[in-house]
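Q: After the structure tokens below, expect a handful of questions from me.
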Amino acid sequence: MPSSTAPRAAQVRHDFMFTLGQLNRQWRKLVDRRLRPHGLTEATWLPLMRLARVAEPMRQKDLAAALGLDGSSVVRLLDGLEAGGLITRAGHADRRAKAIELTPQGHAVVQELHDLLHDSRAALFDSVPQAELDAAFSVLERLAQRLAVLDAEDGA
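Quick note on this note's numbering: the sequence shown kicks off at 15 and runs consecutively.
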């Protein structure tokens, strides 16, 4: 006979994943709303943040993979960032093979992003005790590791 806790455990897992997805959507919406006055959207700030994390210029195909986008979407996105003076692309005639790096203006925008994101995270987490945050992060890390294993098993 199945345990009486089995339905409860299944419901908690369902609710956990649903809430995690909802939290992610709400966070992205908040950040987008706060970045809109700066002329940025999620589509533009995520690549800038990714480029700021690397020490060397990044190939477009690597950026596309890191963002989970196809190459043609990244080319159009980067066209806009380049036109805005936030990035430069150097190299190959094939625009997908070019190396991308932030311009000084792009670095300044990333610093503004860091500040805005820092303040937004602080406001979000201000009522969460550090011990609870540490425990939640530990769970998320274990789930991320497990997803990596499941992806590998599925051949992803």
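Beta carbons: idealized from backbone N, C-alpha and C, even for Gly.
This one's a predicted model, so the numbers in the text were calculated from it and none came from an experiment.
Measure the C-alpha to C-alpha separation of residue 134 and residue 45 and round it to an integer number of angstroms.
A: Roughly 8 Å separates the two Cα atoms.
Q: In this structure, does DSSP put residue 78 in helix, strand or coil?
A: In the structure shown, residue 78 sits in a helix (DSSP, three-state: H, G or I).
Q: Could you give the uninterrupted runs of the beta strand (DSSP E) lying entirely in the segment 38-112, keeping only those of 3 residues or more?
A: Qualifying beta strand (DSSP E) stretches, in chain order: 101-104.
Q: Sorted by chain position, which residues of the same chain lie with C-beta nearer than 8 Å to residue 121's C-beta, five sequence neighbours on each side aside?
A: Closer than 8 Å at the Cβ level, and outside the excluded window around residue 121, lie 66.
Q: Measure the C-alpha to C-alpha separation of residue 70 and residue 115 and round it to an integer number of angstroms.
A: Roughly 8 Å between the two C-alpha positions.
Q: Could you check how far apart the C-beta atoms of residue 77 and residue 90 are, in whole angstroms? I think they sit under 8 Å.
A: Their Cβ separation, rounded to whole angstroms, is 13 Å, which puts residue 77 and residue 90 out of contact at 8 Å.
Q: Skipping 5 residues on each side, what residues in its chain have a beta carbon closer than 8 Å to that of residue 59?
A: Cβ within range, chain order: 45, 49, 127.
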